[in-house]
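Accompanying notes for the structure given below.
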Amino acid sequence: MSSSSDISIKEEMVSVCHRIAQKNMISATDGNVSVRTENGTFYTTRSSVHKGDVTVDDIVEVDRYGNLLNGVGRPSTELKMHLFIYEQRPDVNAVVHAHPTFATAFAASGQSLDKPVFPEVLVLLGKIPLAPYATPSTEEVPESIRPFVQKHNAILLANHGAVTYGATLQAAYFAMEKLEHAAQITLYTRLLGGERELTNDQIKKLRNISEQSYGKKVHFDVSDDQKSVTHFTESDVYEILKRVLQRLNEK
Ligand SMILES: [Zn+2]
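For the sequence shown, this note's numbering gives the first residue as 337, with consecutive numbering after it.
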């Protein structure tokens, strides 16, 4: 029998699926969402359902090998990628995969989003790498993201879409929303002549403010050799942005 916390997790997953659909981050039955449970099992959306129509009955439970434990239907087709991320990142408790229009356009044109342009994107996501093409739903997908999983919480998947993850489902979803927004603005910026990158000094200032505020290192660079990634809640992000703007206004 499901506990009330299990039901609220499933309801939160349903809400995220609906938001992904409303924001045109998928078409038809694309995309999938999963959450690690306190028991070490995983809730995931079942395959072949439109995320705009998902209900709690479309959430199934699987073990770490992907075996179905509870629920009706087959687990998400990209479950291998989700389970790989959970295995590699014990700090991650939720994964969101979607095909957002602008992010996927970058992924399909072979372009990452690794230029330092937007302070809030750098603080929240760092630079966003592009994983090489892998056949969807196969073992190729986890292999393609292997070089990036430890150091990033948002990855573009070449000719496919994007995956984001975090300590909470909200963090994983916000990362996807932020990624897509950054991709959209970057495209428009290029129509207007190209983005102006932040300078090393500006990046250093951002890093210092983030680290002073939280005492943790923030991963800003694809080639950064930093081992850990900081996770932020919604209120953390607002607080960081407030402090960044205050500091910038002081100059
Ligand atoms: Zn996909």
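Ideal Cβ placement from N, Cα and C applies to all residues, glycine included.
Exercise. What three-state label does DSSP hand Thr380 in the structure shown?
Worked result: The residue given as residue 380 occupies position 44 in the sequence shown. Thr380: strand per DSSP, three-state reduction.
For this session: Please determine, among Ala357, Thr471 and Ser344, the residue with the shortest C-alpha to C-alpha distance to Asp393.
Result: By 1-based counting over the sequence shown, the position of residue 393 is 57. Nearest C-alpha to Asp393: Ser344.
Exercise. CA-CA distance, Leu581 and Arg543?
Worked result: Residue 581 sits at position 245 when you count from the first residue of the sequence shown. Residue 543 sits at position 207 when you count from the first residue of the sequence shown. Their backbone Cα atoms lie some 13 Å apart in a straight line.
Problem set entry | Spatial distance of Ala490 from Ala518 (CA atoms) | If you number the sequence shown from 1, residue 490 lands on position 154. If you number the sequence shown from 1, residue 518 lands on position 182. Ala490 and Ala518: Cα-Cα distance of roughly 12 Å.
For this session: Find out if the Cβ-Cβ distance for the pair Asp366, Lys387 is shorter than 9 Å.
Result: In the sequence shown, counting from the first residue as 1, residue 366 sits at position 30. In the sequence shown, counting from the first residue as 1, residue 387 sits at position 51. Cβ distance < 9 Å, so Asp366 and Lys387 count as in contact.
Exercise. Contact check, Leu515 vs Ala467 under 8 Å by CB: the rounded distance?
Worked result: Numbered from 1 along the sequence shown, position 179 holds the residue referred to as residue 515. Numbered from 1 along the sequence shown, position 131 holds the residue referred to as residue 467. About 13 Å separates the two Cβ atoms, so there is no contact after all.
Problem set entry | Other residues of its chain near Phe313: CB distance less than 8 Å, five sequence neighbours each side excluded | A question about residue 313 goes unanswered here, because the residues of the chain that appear run from 337 up to 587.
For this session: Rounded to whole angstroms, what's the CA-CA distance from Leu523 to Phe484? Just pull it up for me.
Result: Here residue 523 refers to the residue found at position 187 of the sequence shown. Here residue 484 refers to the residue found at position 148 of the sequence shown. Their Cα atoms are separated by approximately 24 Å.
Exercise. Which value, in whole angstroms, describes the spacing of the CA atoms of Glu479 and Glu414?
Worked result: For this step, residue 479 is matched to residue 143 along the sequence shown. For this step, residue 414 is matched to residue 78 along the sequence shown. Approximately 13 Å between the Cα atoms of the pair.
Exercise. For His418 versus Ile362, is the C-beta spacing smaller than 9 Å?
Worked result: For the purposes of this step, residue 418 is taken as residue 82 along the sequence shown, with counting starting at 1. For the purposes of this step, residue 362 is taken as residue 26 along the sequence shown, with counting starting at 1. Cβ distance not < 9 Å, so His418 and Ile362 don't count as in contact.
Exercise. What is the DSSP secondary structure of His590, reduced to helix, strand or coil?
Worked result: For residue 590 there is no data in the structure shown, the boundaries of the chain being 337 and 587.
For this session: Using only the heavy atoms of ligand 1, determine whether one of them is closer than 8 Å to the beta carbon of Gly388.
Result: Mapped onto the sequence shown, residue 388 falls at position 52. Answer for Gly388: no, Cβ out of range of ligand 1.
Exercise. With respect to the alpha helix (DSSP H) encompassing Val350, which residues constitute its N-terminal and C-terminal limits?
Worked result: In the sequence shown, residue 350 corresponds to position 14, counting from 1. First-last of the alpha helix (DSSP H) with Val350: Ser340 to Gln358.
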